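Asks:
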Ligand SMILES: [Zn+2]
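Residue numbers (the numbering used here): 52 to 365.
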């Protein structure tokens, strides 16, 4: 496989995703909805990646399905894999083994057919403790990126950051580790501004300025709702746009699925069909999207739909 920077120059790169909610549906990931208050912005349940050490076959199988759907990148399931988040879920002592196992499984399935990306997300410290906690975030993110580098990822996908300030920290850590990064923010409750008050255009400029290979958005919105913010980013930067939309219907009043009453136990009632992803794939090139994958609510059928859309316009 060519490196990600080269692939992005050739054509739209097809990614994968949403691992956690798909594995939650299959019974291998804990949403935390039975214990922790969710959907309020004060916490987001558990959704941690211990499946990598506890049920490796389940994760291996989902990787295989994404690969067969056409994904050129497999994301190691290291989302919410900082020591901070894992400790709150009771897995802090397994931080090293979870990250290493997740990368090993993705690599084993990818072989020479796909690249392996390490997934790094927010620590949730900024939501819980405020911006003064950014120093602690830096330590946790730097540690996870070090673990991912040691495990041999090809690049990083920095995703589902709500605060641009924490994304900046993550991009600095990626650069310090010498790993290329695709960077995507998540916008809620509306697509107009991220949690620390920056527009999509401002986010895109800052992320590109810090060296991200592609910048964009992931999670929270379905393709149709996400598109306007991607266009705003497209107009602001010259690097490729990355898009990993969710597959849950949002509303004009609330542009994010994690604050819909259906999150997390009634998500099937707001599921978006794969057709919207075929259309999104069709539009990707003309919209200047260079990296496209899925996020929460997507499964391999949605990635296949994206692939079909991309192929239809080739
Ligand atoms: Zn998501």
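The C-beta atom is built at its ideal place from N, Cα and C for all residues, glycine as well. Note that the coordinates shown come from a computational prediction; the quantities given were computed from them, not determined experimentally.
Is it right to say residue 277 is buried, meaning 16 or more other beta carbons lie within 10 angstroms of its own, or is it exposed?
Replies: It counts as buried.
Asks: By how many angstroms is the C-alpha of residue 296 removed from the C-alpha of residue 273?
Replies: Computed Cα separation, rounded: 5 Å.
Asks: If you check the beta carbons only, do residue 79 and residue 106 fall under 7 Å apart?
Replies: The answer is yes: Cβ separation under 7 Å.
Asks: Over the uninterrupted beta strand (DSSP E) stretch that includes residue 79, give me the two end residues.
Replies: Looking at the DSSP string, residue 79 is not in any beta strand (DSSP E), and its letter there is neither H nor E.
Asks: In three-state terms, what does DSSP make of residue 202?
Replies: It is helical.
Asks: Who are residue 124's beta bridge partners in DSSP?
Replies: Bridge partners of residue 124: 166.
Asks: Quick check: the Cα distance between residue 147 and residue 63, rounded to an integer number of angstroms?
Replies: C-alpha separation (whole angstroms): 33 Å.
Asks: In its own chain, which residues sit with a C-beta less than 6 Å from the C-beta of residue 293, not counting the 5 before and 5 after it?
Replies: Answer for residue 293: 233, 235, 265, 267, 342, listed in chain order.
Asks: In whole angstroms, what is the alpha-carbon distance linking residue 84 and residue 186?
Replies: Computed Cα separation, rounded: 29 Å.
Asks: With a Cβ-Cβ cutoff of 7 Å, do residue 66 and residue 127 count as a contact?
Replies: No.
Asks: Could you give the C-beta distance for residue 270 and residue 177, rounded to a whole number, given that I count them as a contact under 8 Å?
Replies: At roughly 16 Å, the Cβ-Cβ gap does not stay under 8 Å, so residue 270 and residue 177 are not in contact.
Asks: What residue range does the beta strand (DSSP E) around residue 235 cover?
Replies: 232-236 is the extent of the beta strand (DSSP E) around residue 235.
Asks: Ignore the nearest five residues each way along the sequence and tell me which others in residue 333's own chain have a CB closer than 6 Å to its CB.
Replies: Hits under 6 Å: 360, 363, 364.
Asks: What is the DSSP secondary structure of residue 292, counted as helix, strand or coil?
Replies: In the structure shown, residue 292 sits in a strand (DSSP, three-state: E or B).
Asks: Give the single residue among 222, 288, 137, 110 whose Cα lies nearest to the Cα of residue 152.
Replies: Cα-wise, what sits closest to residue 152 is 110.
Asks: Identify which residue in 116, 340, 172 has its Cα closest to the Cα of residue 214.
Replies: Comparing Cα-Cα distances from residue 214 to each of 116, 340, 172, the minimum goes to 172.
Asks: Between which residues of its own chain and residue 154 is the CB-CB distance below 8 Å, once the five residues before and five after are set aside?
Replies: So the qualifying residues of the chain are 127, 129, 167, 169, 199, 202, 203, 204.
Asks: Using only alpha-carbon positions, find the residue among 163, 192, 184 that is nearest to residue 150.
Replies: Ranking the options by Cα distance to residue 150, first place goes to 192.
Asks: On a Cα-Cα basis, can you pick out the residue from 316, 194, 321, 254 that is closest to residue 300?
Replies: Cα-wise, what sits closest to residue 300 is 321.
Asks: Hey, would you say residue 157 sits closer than 7 Å to residue 125, going by beta carbons?
Replies: In this structure, residue 125 lies closer than 7 Å to residue 157 by Cβ.
Asks: Determine the contact status of residue 288 and residue 259, defining contact as a CB-CB distance below 7 Å.
Replies: Closer than 7 Å, so yes.
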